[in-house]
Amino acid sequence: MGEVLVLVEYADGALKKVTGELLAGAARLGTPAAVVVGAPGTAQGLAAELGAAGATKVYAAESADAEGLLVTPEVAGLAAAVAAAGEVSAVLVPATIDGREVAGRLAVRLDSGVLYDAVDVAVGQNGAPTATQSVFGGGYTVHSTVAKGVPVISVRPNSIDGAADPAAGEVVEVPVSVDPATSARVTAMHLEAAGDRPELSAASIVVSGGRGVGSADNFHVVEELADTLGAAVGASRAAVDSGYYPHQFQVGQTGTTVSPQLYIALGISGAIQHRAGMQTSKTIVAVNKDADAPIFEIADYGIVGDLFIVAPQLADALKQRKG
C-alpha cells in the first residue's frame with residue numbers, strides 16, 4: 527500500500543483531536559503521512575507531535591501567503607504532497623466546512639473521485655480504500671469507493687477510534703505555488719464567542735436542547751448539565767429558529783454535524799433534519815415527555831419525563847459521583 531496523506535488541523539501550535547483520528551484511519555489504508563499547510567516553520571513545530579500520532583512523514587507545504595488566503599493554500603499543498611509522495615493510496619481531510627471545500631477542489635485538481643462525510647474507512651474486498659457513509663438522514667449505511675484516481679475522503683470528527691503506531695515524523699519540504707490572483711484573501715476575522723466549552727463539531731460529549739426547553743431563559747438547564755459533563759452545548763433547528771440559542775450551535779443537516787461518544791437530547795422530538803446531524807453518535811440518551819417522539823427510535827437510552835426534573839437530577843448525581 528502507498529502513503530495515505532492527512533491534512534493536519536492545528537491551532538495555537540498544537541494538533542486538533544481530529545488529526546490523530548485521521549492518522550489512525552490512514553494507518554488502516556496504508557502508510558500514514560501528514561501534510562502541514564501554514565507559515566514557514568509550522569511543520570517543524572508540529573513534527574514531534576505528528577510523529578507520536580503516527581505520521582511517518584510530515585510534508586511541509588509552507589508559504590508566506592498560507593494564512594492570508596482562503597482554502598487554496600490547503601488545496602495546493604495537498605496536491606504538491608501527492609506529487610512529491612509518488613504512490614498515494616488516499617487523501618483524508620476533516621469533514622469540516624473548510625475541509626469539505628478542500629476535498630472537492632482537490633479532487634478536481636487531481637482528476638479523481640471524492641467521498642464526503644465518511645464515518646469510517648477501511649480497505650475493501652477489491653483492495654481499494656472504502657468509505658462508510660451514513661446517508662439519507664442516517665436511514666442507510668453505504669460503503670463507497672472511487673472509480674478513478676486517488677480517493678479524496680472527508681471524514682467526520684469523532685468517527686474513527688484507536689490510534690496509529692508512533693512513527694518518525696520526518697519533515698519533507700514540498701514546493702508550493704499559490705496564485706493570489708485566483709484566491710480569496712482573508713481581510714478580517716470575526717470569531718463567535720465560544721466560551722470555555724469544547725468546540726461543537728469535535729466534542730466527545732454534546733448536550734443539546736430542543737423546542738421542549740421552552741425559552742432562551744430556560745436553556746441554562748442544558749448548559750448546566752453540559753458543564754457538569756465537560757460537554758459542548760447544541761440546539762435543534764426548532765430551538766434556534768425560536769431564538770432560544772444562537773444559530774452557530776445548531777445540530778442537524780443544515781447546521782453542525784456531530785458524532786460524539788455521548789449525545790444527550792433534551793426536549794428534542796427527533797425530526798429527520800436533526801437526526802441527520804447526530805445519528806452516528808456512539809451513545810444517544812433522549813429525554814422527552816412524549817413517549818412517541820421519533821428520537822426514541824434511535825436512542826440507546828430513553829427517559830419519558832420532564833427535562834426540567836431529569837436534567838438537574840442527572841447533574842446532581844454526576845456532581846456527587848465526582849465528589
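Position 263 of the sequence shown, counting from 1, maps to 789 under the numbering used here, and the rest follow consecutively. Think of the CB as a built atom: it goes at the ideal place given N, C-alpha and C, for glycine as much as any other residue.
- Rounded to the nearest angstrom, how far is the Cβ of V704 from that of G793, given a contact under 8 Å? The pair is not a contact, with the Cβ atoms about 47 Å apart (cut-off 8 Å).
- Task: In the DSSP assignment, find the alpha helix (DSSP H) that holds L632 and state where it starts and stops.
- Result: Membership of L632 in the alpha helix (DSSP H) is indicated by the continuous run 623-636.
- Message: Which residue wins for smallest C-alpha separation from T656, given the options T671, V645, G664?
- Response: Of the listed residues, the one whose Cα sits closest to T656 is T671.
- Message: Would the stretch 583-597 count as touching the stretch 726-739 if we require 3 or more Cβ pairs under 8 Å?
- Response: For the pair of segments examined, the stretch 583-597 was found not to touch the stretch 726-739: the number of CB pairs separated by less than 8 Å stays below three.
- Query: Out of curiosity, what's the CA-to-CA distance linking G781 and A610?
  - Reply: Cα to Cα, the separation comes out at about 37 Å.
- Message: Measuring alpha carbon to alpha carbon, tell me which residue in A758, V700, E696 is nearest D722.
- Response: Comparing Cα positions, the closest option is A758.
- Message: I believe V698 touches V584 by the beta-carbon criterion, under 8 Å. Please report the beta-carbon distance rounded to the nearest angstrom.
- Response: Between V584 and V698 the Cβ distance is about 7 Å, and since that is below 8 Å, they are a contact.
- Excluding five sequence neighbours on each side, which residues of the same chain lie with their C-beta closer than 6 Å to the C-beta of V634? For V634, where only same-chain residues beyond five positions count, there are no Cβ hits under 6 Å.
- Cβ pair count under 8 Å reaching 3, the stretch 796-806 against the stretch 827-845: Because the criterion of three Cβ pairs below 8 Å is not met, the stretch 796-806 and the stretch 827-845 do not touch.
- How do the stretch 527-541 and the stretch 557-573 stand: do at least 3 beta-carbon pairs fall below 8 Å, yes or no? The stretch 527-541 is in contact with the stretch 557-573.
- Message: If I measure Cβ to Cβ from A752 and keep anything under 6 Å in the same chain, skipping five residues before and after, which residues do I get?
- Response: A distance below 6 Å between beta-carbons, with the five flanking residues on each side excluded, links A752 to the following residues of its chain, in chain order: V733, V759.
- Task: Could you spell out the range, first to last residue, of the beta strand (DSSP E) harbouring L788?
- Result: Per DSSP, the continuous beta strand (DSSP E) segment holding L788 begins and ends at 788-792.
- Which one of L531, T622, T545 has the shortest CA to CA distance from T783? Ranking the options by Cα distance to T783, first place goes to T622.
- I679 beta carbon less than 8 Å from that of A644: Taking 8 Å as the Cβ cut-off, A644 and I679 qualify as a contacting pair.
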